[in-house]
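Just so you know, full-length UniProt numbering puts 285 at position 285 of the sequence shown, and the rest follows in order with no gaps.
I have placed the structure first, in the form of structure tokens, so that the comments after it can refer back to it.
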Amino acid sequence: MVRSIEEINQAAGGLPAYAVLAPLAVALAKDGAAVVSAPPGTGKTTLIPPALAATVPGRVIVTQPRRLAARAGAHRLASLLGEKVGHQVGLTVRGESKLSAHTKVEFVTTGVFIRRAIADPELAGVGAVVLDEVHERHTDTDLAVGICHDIAQLREDFQVVAMSATLDADRFSATLGGVEEVAIDAESYPLQIDYQPGKMQRLTDRGTNPDFLAYAGRAAASALEKDEGQVALLFLPGLRDLEIAAQAARAACPDMDVRLLHGRLSGAEQDSILALPQKGKRLVCTTNVAESSITVPGVRLVVDAGLERVATFDVSRQMTGLVTNYSSKASSTQRAGRAGRLGPGRVIRLFSKVEWARMRSHSLPEVETSDLAQLLLLLAAWGAPRARGMALPSPLPEAASDRAENTLRTLGAVDERGTITAFGRQLARIPADPRLGRALLEGGKRFGPARAGALLATLSSDERDAGADLPALHRRLKRQCPPRWKADAKRFAQMAPTEQSPTSASLEAEMVALAYPGRIARRRGNSDEYLLAQGNGAALPKGSPLQGQTWLAVADLTKASPTNIIRLAAELTEADALRLGEPLKNTSVTVHFEDGKVRAEETVTLGHIELSARPVPARGEAVAEAVRAEFARQGARLFTWSKKGENLRRRLLLLHRTLGAPWPDTSMEGLGKNELFAAPLLAQLEKGASVPQLSPTSALQGILPWPEAAKLDELVPERLQVPSGSTVALEYLEDGAPPRLSVKLQACFGWEQNPTVVDGRVPVQLSLLSPAGRPLALTQDLESFWKNAYPGVRAEMRGRYPKHPWPEDPTTAQATMKTKKALAHKKS
């Protein structure tokens, strides 16, 4: 390079990282790889790449998880060399490349590096790779570590340096084969840490609380106005949050220079923020890009909202979205460190000490929270399906990997073994979700590469329309043509096929449905809600121009209560919905019991959306399965029991409970397990009979034990003769208890002993009735009743029923159902 590493360090004002270059060189000479651990702002990204470039043959590649950081790193190093980016210091990010034959150090995003390595697994012409900010644990970063380890095993002249701003260096040292760790000691000035929570909640069920964001902006501006420093950082999770806080800060301090630092900035906008203000004070409202990736100069005050946005896969919505969560202690500690690089600094945490104590120690790696479809596709393209045989900083979660691999198989990107297909290799070259990549490849044929590429740029952006109208958003972006969108549209167009097979559907609807057929949605009746083919419900935002449309292709939806909210969609015709959703179309016949009969219904669905249903004849094994399932659920209660059949069942149950085998268990539960009883009945149901047509009584008679059954009426008679000469029906009870005989008391005169059944083993329960048929007593010991209870009953009943006989000794009296007068008349 035109300047030595000493000159670069001197130009940078003397950086702490300079002291680590010698021990790093020793570690690399020993293992070919090393891990550098250092706080943000120590100069490791500025000094280590050119130091390597001076010693290794070939180019040094520096990976960054964000294009903002890659651009900043390249411009910083180029300026120290007195050059512009594109000469000795190169830059390659999505949609932008500045390189020359003289380039020795190239800054790239991690995604660019991975696809370059997949295209050239030996990385010919590259002498070293510096993996920066590996502690952020993006899926791309984790994969890049594993790829570099594999290349290092292949090439002895290849060096790897993994750089981390946290104390998680041991993990990366182990992943790279147990290489040495080199730490940069940086002077850190004392920090005054204050806790200043607002009176409102930071988060609501719809995301960051707008009232809290306004409070954060006012608090940061007020603190900076009173602070001795010139620049302050306010950390917030997303762009919308930055805008709300910045508006409040400007209202509180109109003369203050309030800037927003985020990933959508142009190079010129970014450069202006990364230069010290010439006068006045500057509040930089930033996402976590300034946490470790970018150093904003002049910072002495940090205001931390304690929030971060995390890519999270939602199983219910079948999609990954950015979810705002409370940040970890490690993240808040790094943010705080930004205030102590120039001198004593101050940190204001907009939450309480109690909340600090409850925070996680570290943020979760992306592999544990996000959709893994793109990661598994890249792994398959590298030749390590599901990372088999590959070293990664964390193992891949099984359930998430299964879901992702199934998605890739559905797309045709991998085969049953997880091996990449030719179509999968096409998808792997597209820097987008594989589903969107599929839409680009298919949509390019139908609409042309330019139109398909432009829409994919819209779908890949985080821009949204207030009415969820995708065509309206796409028209706006085409009209405004922001630099990042324009670059993405051009790049995607270059990746799309040029052959044509036109379609009648709209560009937006077709592309969305190609990418996400599971998000084809149909309106629920006349409501404002829609059912998605993948099974969940969602509603359009109020006032959406799409309201009332029957079919939609949903590009994005957000979780909300009571139902999900559609954030981006396009209208579909029914014909196009059925055509594009054809892979999800399914015709099934369900056999079930209804109104005592086996019935079948043929249903045609598009995923979870029912298109039609009609009754069809029930046939095949499904009929038997439905019959058996219903019998398993209800048992003998499935059948309609006549009075006679129910009485027989109870008589047999009494015999079983009293005598045991061979008398069968005829309880409902017992019959439910009795195959001999059930078989003939179920066979009739399987042939199409209905429950009312069946005779469980006949089936019951079929399981009577012979020859014992010949004594059935003797053991458990249906009727019993009483002393009056009448025969009275015995009532056999459900639970196998002794039977009950309801009879008028006068008909029992002359009965000295209680009647019995089952060969005298079971006393009959006598329900003794008044002349009017009302219960007087219940007994199984008639002898005791006559002696003890009858005198009292007689005394009471003589006055109430004087026309009927009430003898003093009922055991010797004539049993009768007549009055005294009728009885006397009979005798005369």
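Even for Gly, the Cβ is constructed at its ideal location relative to N, Cα and C.
- By DSSP's assignment, ILE703 forms no beta bridge with any residue.
- If you look at LYS98, you'll find it isn't in any alpha helix (DSSP H); it sits in the beta strand (DSSP E) that goes 96-98.
- Rounded to the nearest angstrom, the Cβ distance from PHE351 to ARG202 is 7 angstroms, consistent with a contact under 8 angstroms.
- In the same chain as ALA618, and ignoring 5 residues on each side of it, the C-beta atoms closer than 7 angstroms to its own belong to VAL591, VAL598, ARG599, ALA600, in chain order.
- In terms of CA proximity to ALA214, ARG250 leads the group THR287, THR204, ARG250.
- As summarised for the segment 566-590, the continuous alpha helix (DSSP H) elements at least 4 residues long and confined to that stretch are 574-580, given in chain order.
- Counting only runs of at least 3 residues, the segment 264-317 fully encloses the following beta strand (DSSP E) elements, listed from N- to C-terminal order: 282-286, 299-304, 307-314.
- DSSP places VAL347 inside the beta strand (DSSP E), whose first and last residues are 345-349.
- DSSP places THR812 in the coil class of the three-state scheme, outside both helix and strand.
- In the DSSP secondary-structure assignment, GLN192 is bridged to ARG346.
- Of all alpha-carbon atoms in LEU375, LEU236, ASN9, ARG282, the one lying nearest the alpha-carbon of THR139 is that of LEU375.
- In the three-state reduction of the DSSP assignment, ASN788 falls in the helix class, which pools H, G and I.
- The Cβ-Cβ distance between ARG349 and ASP304 falls below 7 angstroms.
- Excluding sequence positions up to five before and after ALA569, its CB lies within less than 7 angstroms of the CB of ALA468, LEU470, LEU546, LEU552, ALA553, VAL554, ALA555, all in the same chain and listed in chain order.
- The DSSP assignment places 59-64 as complete runs of the beta strand (DSSP E) inside the segment 37-72, in order along the chain (cut-off: 3 residues).
- Counting other Cβ atoms within 10 Å of its Cβ, LEU459 reaches 16 or more and is therefore classed as buried.
- In terms of Cβ geometry, LEU456 and PHE423 do not form a close pair [threshold 7 angstroms].
- A Cβ-Cβ separation of about 5 angstroms places LEU769 in contact with LYS744 under the 8 angstroms criterion.
- Runs of the beta strand (DSSP E) lying entirely within the segment 482-562 and spanning at least 3 residues, in chain order: 520-523, 529-532, 537-539, 551-558.
- Taking a 10 Å sphere around the C-beta of TYR189, we find fewer than 16 other C-beta atoms and assign the residue as exposed.
- Restricting attention to ALA330, THR320, ASP314, ARG798, the CA atom closest to the CA of LEU307 is found in ALA330.
- VAL616 has its alpha-carbon roughly 48 angstroms from the corresponding atom of PRO717.
- Contact between PRO16 and ALA186 holds, since their C-beta atoms are separated by about 4 angstroms, short of 8 angstroms.
- If you ignore the 5 residues before and after GLN701, its C-beta comes within less than 8 angstroms of the C-beta of LEU648, all in its own chain and listed in chain order.
- Residue burial annotation: ASN788 is exposed, with fewer than 16 other C-beta atoms found within 10 angstroms of its C-beta.
- Residue environment: GLN64 is assigned as buried (16 or more neighbouring CB atoms within 10 Å of its CB, all protein chains considered).
- In terms of Cα proximity to GLY792, the closest of ASP781, PRO807, GLN780 is PRO807.
- A straight line joining the alpha-carbon of ALA381 with that of VAL589 spans about 40 angstroms.
- Bridge partners of MET319 according to DSSP: ASP314.
- Beta-bridge pairing by DSSP links HIS592 to ARG599.
- Nearest in C-alpha terms to LEU427, of all of GLU731, ARG403, LEU377, ALA72, is LEU377.
- Its chain contains GLY58, ARG59, ILE61 as the residues whose beta carbon lies nearer than 6 angstroms to that of VAL126, once the 5 sequence neighbours on both sides are disregarded; these appear in chain order.
- Distance from the Cα of ALA169 is smallest, within the candidate group MET200, LEU191, ASP132, for ASP132.
- Contact annotation: the segment 146-164 does not touch the segment 404-421, with fewer than three C-beta pairs closer than 8 angstroms.
- Here GLU187 carries a coil assignment [DSSP, helix/strand/coil].
- Fully enclosed alpha helix (DSSP H) runs of no fewer than 4 residues are not present anywhere in the segment 118-153.
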